[in-house]
Ligand SMILES: Nc1ncnc2c1ncn2[C@@H]1O[C@H](COP(=O)(O)OP(=O)(O)OP(=O)(O)O)[C@@H](O)[C@H]1O
Ligand SMILES: [Mg+2]
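Numbering (my numbering), first residue to last: 633 to 843.
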């Protein structure tokens, strides 16, 4: 997969006020690499990931997937591409709080043709030190536990592009190391985009994209 951002721009309009968050952003992203999108809080990391992940449309510029321009006016097409190619960890996790950890993970399979793989779910929960939480309601988990559930959920999907928005902001050092190790393997065959406030990802990413 190759994703090309050409002069991407994003302006949010609030009444008479407008704020330009992304300005003439250009970059080429390819599979087999991990990209760190870096910038201070409010610089537009999540906004840019939303556009690169086809969740939001730019106000200017183009986005090309494997050389083909994305038509942001076709939500159905965007949805199909997202389902087929992308997996996300959102900054706010976006878990179903009233469902158990297991139910959240199971839902991944309802969206695909893949067969439910109980062993894979159990292995991932074990890897993320969450086995004891499998049947707990997600709302009862700590922030770091929720973040690890979101990460496990993202890994269950056999996507081409993995987008991790601040995936370790709430986890302890030991669990962060586990996440690093998984990401290092993942990026050898897939495209990984990650944002982070600190410098912890600097050394394991192939490219740092500053916003
Ligand atoms: N839907 C929206 N409507 C209006 N303004 C928005 C919207 N989403 C984001 N913004 C503004 O765009 C700017 C960039 O936000 P964004 O969430 O992309 O930053 P960020 O770099 O991810 O920050 P953080 O590190 O805190 O997560 C912020 O000033 C924010 O207020
Ligand atoms: Mg953000």
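For every residue, glycine included, the Cβ atom is placed at its ideal position computed from N, Cα and C.
Check	Outcome
Any non-hydrogen atom of ligand 2 closer than 6 Å to residue 779 Cβ	no
Local conformation of residue 645 per DSSP, three classes	strand
Where residue 692 falls: helix, strand or coil (DSSP)	strand
Bridge-paired residues (DSSP) for residue 839	667
Through-space distance from residue 718 to residue 661, alpha-carbon basis	14 Å
Residue 636 Cβ short of 6 Å to ligand 2 heavy atom set	no
Paired residues, beta bridge with residue 732 - DSSP	769
Beta-carbon proximity of residue 677 to residue 685, cut-off 7 Å	no
Distance between beta carbons of residue 652 and residue 639, contact taken as under 8 Å	About 13 Å; that fails the 8 Å criterion.
Nearest-angstrom Cβ-Cβ length linking residue 784 and residue 760, presumed shorter than 8 Å	5 Å
Backbone CA spacing between residue 822 and residue 720 [nearest angstrom]	13 Å
Ligand 1 heavy atom lying under 6 Å from the CB of residue 653	yes
Spatial distance of residue 764 from residue 754 (CA atoms)	11 Å
Distance, residue 669 Cα to residue 634 Cα	17 Å
Contact test: residue 644 Cβ vs ligand 1 heavy atom, cutoff 6 Å	yes
Strand pairing of residue 827, partner residues [DSSP]	669 and 797
Bridge partner(s) assigned by DSSP for residue 657	640
Residues near ligand 2, criterion Cβ-heavy atom distance below 5 Å	677, 678 and 723
Residue 783, enclosing alpha helix (DSSP H) - first and last residue	775-788
Pair within 7 Å by beta-carbon distance, residue 834 and residue 666	no
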